[in-house]
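Visitor: Residue numbers (this note's numbering): -10 to 454.
(1) Considering only residues of the same chain and omitting the five flanking positions on each side of residue 425, which have a CB-CB separation below 7 angstroms?
(2) Grab me the residues of residue 48's own chain with a C-beta within less than 7 angstroms of its C-beta, minus the 5 sequence neighbours each way, in chain order.
(3) Given 8 angstroms as the limit, is there contact between the stretch 125 to 134 and the stretch 410 to 422, that is, 3 or more CB pairs closer than that?
(4) When we look at the beta-carbon of residue -6 and count the other beta-carbons within 10 Å, is it buried (16 or more) or exposed?
(5) Which residues mark the beginning and the end of the alpha helix (DSSP H) in which residue 195 is found?
(6) Could you please give the first and the last residue of the uninterrupted beta strand (DSSP E) stretch that includes residue 319?
(7) I'd like the span of the alpha helix (DSSP H) that includes residue 267, first residue to last.
(8) According to DSSP, what are the bridge partners of residue 100?
(9) Check each candidate in 408, 331 and 337 and name the one with the smallest Cα separation from residue 304.
(10) Assuming residue 241 and residue 431 are in contact, meaning their beta carbons sit under 8 angstroms apart, how far apart are those beta carbons, in whole angstroms?
(11) Answer yes if the stretch 165 to 185 comes into contact with the stretch 80 to 96, meaning at least three C-beta pairs across the two stretches below 8 angstroms, and no otherwise.
(12) Can you list, in chain order, the residues of its chain with a C-beta nearer than 6 angstroms to that of residue 306? Leave out the 5 residues immediately preceding and following it.
(13) Just the C-alpha distance for residue 289 and residue 269, rounded to the nearest angstrom, thanks.
(14) Whole angstroms are fine: how far does the CA of residue 216 sit from the CA of residue 365?
(15) Under 8 angstroms between the Cβ atoms of residue 247 and residue 341?
(16) Given a threshold of 16 other Cβ atoms within 10 Å of its Cβ, counted over all protein chains shown, does residue 278 qualify as buried or as exposed?
(17) Which class does residue 407 belong to by DSSP, given the choice of helix, strand or coil?
(18) Would you tell me roughly how many angstroms separate the C-alpha atoms of residue 30 and residue 343, rounded to the nearest one?
(19) Would you report the Cα separation of residue 169 and residue 55, rounded to the nearest angstrom?
(20) Ignoring anything shorter than 4 residues, give me the alpha helix (DSSP H) runs that lie fully in the stretch 332 to 375, in order along the chain.
(21) Mark residue 330 as exposed unless 16 or more other C-beta atoms lie within 10 angstroms of its C-beta, in which case mark it buried.
(22) Exposed or buried, which one is residue 121 when buried takes at least 16 other CB atoms within 10 Å?
(23) Only counting runs of 4 or more residues, tell me where the alpha helix (DSSP H) segments fall wholly within the stretch 56 to 123, in order along the chain.
(24) Any beta carbon from chain D within less than 8 angstroms of residue 31's own beta carbon?
(25) Which same chain residues, not among the five before or five after residue -9, have their C-beta less than 8 angstroms away from its C-beta?
(26) Should the stretch 405 to 413 be regarded as contacting the stretch 208 to 227, the criterion being three or more beta carbon pairs within less than 8 angstroms?
(27) Give me the Cα-Cα distance between residue 155 and residue 145, rounded to the nearest whole angstrom.
(28) Check the DSSP bridge columns for residue 214 and list the partner residues they point to.
(29) Once you ignore the five residues that flank residue 201 on each side, which residues in its own chain have a CB closer than 6 angstroms to its CB?
(30) The alpha helix (DSSP H) that contains residue 284, what's its start and end?
(31) Using alpha carbons as the reference points, say which of 14, 237, 313 and 72 lies closest to residue 105.
(32) Which class does residue 225 belong to by DSSP, given the choice of helix, strand or coil?
(33) Please determine, among 367, 103, 428 and 124, the residue with the shortest C-alpha to C-alpha distance to residue 28.
(34) Using the three-state DSSP reduction, which class does residue 446 fall into: helix, strand or coil?
(35) Helix, strand or coil: how does DSSP classify residue 309 here?
(36) I'd like the list of long-range same chain contacts for residue 322, defined as Cβ closer than 7 angstroms, with 5 residues on each side in sequence excluded.
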């Protein structure tokens, strides 16, 4: 590919996309055999280099190998295996009814690939959030460009190294870089863009896509509430909340962002969360090989500035240069405090204490729609009422984040937390166009629709409508 040294055109994004589009138009990527082969190759890339990927995640985010496997590599195995199992069913034409006036004919809906798509990954799960959308993109028969996050250079570099060794080089590419490279990519015409990250950049992506009328899937974030009812099993809730919040050092878009409970419940719940956290990471999480680090010192400093927004229950230790922020719990937090204004994206869990549990719904609904909503209660009616009255992209009752393990559930946001969804068949649909097709016979051609019109035709038309 030609390039212009010293400029963003070193990437030559236009030539890259043009080459992929030429390959797509050959029809090769639409073949089910090709799709299966690419999915198997993607799985081989992961399985044959699993230890290298786990090491890269450890270098980028201090992820323990078991956590990296559980939340990234294993999740991708599941995505690929599920797609391979169901691909034939997803890709089949769907029969549709044909009205009398069009008979004899056959009507059906035909899934077809969109074309060349752009997938922009995020740094917090730099492998899973990059390759998980690629699975349905391949399954649907598309060509794709991957743009990994420059903030996770070890993982980004490894994907860029291995992808062309395993997948069809004419159909897939991985572009490393930062803002200039992403900007160059966004200037191109794509058939779909899937972006995972923050809302500010999400607006930039959407504006760029609008110039070409390109559809987008935006997986953003927000402040995901965790509501704990007075009747909840607090020992179970504490353990699951601590896991959901402090996995990956809190850098998870669906982590519980804040707790909502009554003061009486908080008095019993918070010591249990501290106990569960110590059981996972010890009294000093800095010494635990299983506790992650903040992606960089800038984010660590941002989190440190939030620690004065409430009464410290436990944690609070910070080493900005070492990118360490301890698991931290704050109570007596005001709804107007800085820690309650934007997504925390770190291991700081504020607790908003309510005078009455009935205030929880109004509190959640007074804010932007979150990516996830968590409710801990023994009462199904309480859970169902909250789920029906509080909008969120995803929800889980009596646990945190575990809906991500269900391949048949869509994953996506609503409102400020995003638009569109993927995972499983929902991802296949995101990266497909469902074409309406009718095949008619030449056997019968009623003259009702043809001029000149008359009363007889009008009467018959009314009967057949």
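We put the CB at the ideal spot given by N, CA and C, even for glycine. Fair warning: this is a prediction, and the values are worked out from it, not measured in the lab.
Guide: With the given structure in hand:
(1) On the chain shown, residue 425 is found 436 positions in, with the first residue counted as 1. Once the five neighbours on either side are set aside, the close Cβ partners of residue 425 are 98.
(2) Numbered from its first residue, the chain shown carries residue 48 at position 59. 143.
(3) As far as the Cβ criterion goes, the stretch 125 to 134 touches the stretch 410 to 422, which means the pair count is three or higher.
(4) For this step, residue -6 is matched to residue 5 along the chain shown. For residue -6, the predicted model reports a pLDDT of 34, less than 50, meaning its position is unreliable and no value from the coordinates is stated.
(5) Here the question's residue 195 lines up with position 206 in the chain shown. Following the DSSP letters along the chain, one finds residue 195 inside the alpha helix (DSSP H) bounded by residues 188 to 199.
(6) Position 330 of the chain shown, counted from the first residue, corresponds to residue 319. Element bounds for residue 319: 317 to 320.
(7) Locating residue 267 in the chain shown gives position 278, counting from the first residue. Unbroken alpha helix (DSSP H) run through residue 267: 252 to 270.
(8) Position 111 of the chain shown, counted from the first residue, corresponds to residue 100. In the DSSP assignment, the residues bridged to residue 100 are 423.
(9) The count along the chain shown starts at 1 and reaches residue 304 at position 315. Closest by alpha carbon: 337.
(10) Mapped onto the chain shown, residue 241 falls at position 252. Mapped onto the chain shown, residue 431 falls at position 442. Incorrect: roughly 59 angstroms between the Cβ atoms, too far for contact.
(11) At 8 angstroms Cβ cutoff, the stretches do not touch.
(12) Here residue 306 corresponds to residue number 317 of the chain shown, with the count starting at 1. 315, listed in sequence order.
(13) For this step, residue 289 is matched to residue 300 along the chain shown. For this step, residue 269 is matched to residue 280 along the chain shown. Distance between the alpha carbons of residue 289 and residue 269: 21 angstroms.
(14) For the purposes of this step, residue 365 is taken as residue 376 along the chain shown, with counting starting at 1. For the purposes of this step, residue 216 is taken as residue 227 along the chain shown, with counting starting at 1. Roughly 6 angstroms between the two C-alpha positions.
(15) Here residue 247 is taken as the residue at index 258 of the chain shown, counted from 1. Here residue 341 is taken as the residue at index 352 of the chain shown, counted from 1. The Cβ atoms of residue 247 and residue 341 sit closer than 8 angstroms to each other.
(16) Residue mapping note: residue 278 aligns to position 289 of the chain shown, counting from 1. With fewer than 16 other CB atoms across the displayed protein chains lying within 10 angstroms of its CB, residue 278 is exposed.
(17) Translated into the one-based positions of the chain shown, residue 407 becomes position 418. Strand.
(18) Residue 30 sits at position 41 when you count from the first residue of the chain shown. Residue 343 sits at position 354 when you count from the first residue of the chain shown. Looking at the two C-alpha atoms, the distance is approximately 52 angstroms.
(19) What you label residue 169 is simply residue 180 of the chain shown in a count that begins at 1. What you label residue 55 is simply residue 66 of the chain shown in a count that begins at 1. About 35 angstroms.
(20) Uninterrupted alpha helix (DSSP H) stretches at least 4 residues long and entirely within the stretch 332 to 375 occur at 348 to 354, given in chain order.
(21) Against the chain shown, residue 330 aligns to sequence position 341. Residue 330 is exposed by the Cβ-count criterion.
(22) Here the question's residue 121 lines up with position 132 in the chain shown. Counting the other CB atoms within 10 Å of its CB gives residue 121 a total of 16 or more, which places it among the buried residues.
(23) The DSSP assignment places complete alpha helix (DSSP H) segments of no fewer than 4 residues inside the stretch 56 to 123 at 63 to 80 and 117 to 120, in order along the chain.
(24) Going by chain labels, chain D is absent from the structure shown, which holds only one protein chain.
(25) Counting from 1 along the chain shown, the entry for residue -9 is found at position 2. A caution first: residue -9 carries a pLDDT of 35, below 50, which makes its placement in the model too unreliable to give a value.
(26) Cβ pair count under 8 angstroms is three or more, so yes.
(27) Taking the first residue of the chain shown as 1, we reach residue 155 at position 166. Taking the first residue of the chain shown as 1, we reach residue 145 at position 156. Going from the Cα of residue 155 to the Cα of residue 145 covers about 16 angstroms.
(28) One-based indexing of the chain shown puts residue 214 at position 225. According to DSSP, which records beta bridges pairwise, residue 214 is partnered with 247.
(29) Here the question's residue 201 lines up with position 212 in the chain shown. Cβ within range, chain order: 178.
(30) On the chain shown, residue 284 is found 295 positions in, with the first residue counted as 1. Per DSSP, residue 284 belongs to no alpha helix (DSSP H) and is neither H nor E.
(31) The count along the chain shown starts at 1 and reaches residue 105 at position 116. 14 is the residue among 14, 237, 313 and 72 whose C-alpha sits nearest the C-alpha of residue 105.
(32) Mapped onto the chain shown, residue 225 falls at position 236. Looking at residue 225 - three-state DSSP - the assignment turns out to be helix.
(33) Mapped onto the chain shown, residue 28 falls at position 39. Of the listed residues, the one whose Cα sits closest to residue 28 is 124.
(34) Counting from 1 along the chain shown, the entry for residue 446 is found at position 457. Residue 446: helix per DSSP, three-state reduction.
(35) Sequence index remark: in the chain shown, residue 309 carries index 320 (1-based). In the structure shown, residue 309 sits in coil (DSSP, three-state: anything other than H, G, I, E or B).
(36) Position 333 of the chain shown, counted from the first residue, corresponds to residue 322. Excluding residues within five positions, the ones whose Cβ falls inside 7 angstroms are 298, 299, 328, 329, 339, 340 and 341.
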